[in-house]
Amino acid sequence: MGSCPVIFKKVDQNVVRVMAGLVSAIAVIFIISPQLWLLTLLLYDFLVRSLDYKKASPIFHLAKIIAKMLGLKKIEIDAGAKEFALKIGFVFVLISFIMFSLGEALAAVLVVAVLLVCAFLELTFNYCVGCQIYKILKKFTKLF
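Residues 1075 to 1218 in our numbering are what the sequence shown lists, from first letter to last.
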């Protein structure tokens, strides 16, 4: 990302990547064995983090513990694009939750599969799909 701050708030890149790993694990479990409680967990967690209430996020707390256990150093980055990506993730989980609740399990699994790809890219390659969308939208809005 650029060095110019977007929202003057920082996040730890390594904790974000560990959270992506946890989301990936939950997504894989859901794809193998679709269960509403897994979507409920993801929906709750994405919601509280989207509302900037990380204290209530089990995935955030677990990611911090894992990052510390692995000895990952804190790497602070601007939170703007990451928060945008988080909100996109929330929308994906919400759509999947609604589809599953309406009996459309296959549609829910497909949406979670897209979420898995995005989370896995963040985890393994430090590539944030939502952040790239954010950059494109920022460039596009500058045109008007």
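Beta carbons are placed, not taken as given, at the ideal position from N, Cα and C, and that holds for glycine.
Cβ neighbour criterion (16 or more within 10 Å) applied to residue i
{"i": "D1119", "result": "buried"}
{"i": "L1211", "result": "exposed"}
{"i": "L1176", "result": "exposed"}
{"i": "Y1127", "result": "exposed"}
{"i": "S1107", "result": "exposed"}
{"i": "Y1201", "result": "exposed"}
{"i": "I1103", "result": "exposed"}
Same chain, Cβ closer than 8 Å to residue i, five either side skipped, listed in chain order
{"i": "L1160", "result": "F1120, R1123, S1124 and G1204"}
{"i": "E1150", "result": "K1084, V1085, D1086 and Q1087"}
{"i": "V1188", "result": "F1166"}
One or two residues paired with residue i in a DSSP bridge
{"i": "E1150", "result": "D1086"}
6 Å Cβ shell around residue i - same chain, five flanking residues per side excluded
{"i": "K1148", "result": "D1086"}
{"i": "I1140", "result": "V1092"}
Contact set for residue i: own chain, Cβ-Cβ below 7 Å, skip 5 residues either direction
{"i": "L1195", "result": "Y1201 and V1203"}
{"i": "T1198", "result": "none"}
{"i": "V1186", "result": "A1101, F1104, I1105 and S1170"}
Q. Is the segment 1175 to 1194 touching the segment 1118 to 1138, taking contact as three or more C-beta pairs under 8 Å?
A. These segments do not touch.
Q.
Suppose only complete runs of 3+ residues qualify. What are the beta strand (DSSP E) ranges in the segment 1084 to 1135, listed by chain order?
A. Runs of the beta strand (DSSP E) inside the segment 1084 to 1135: 1084 to 1086.
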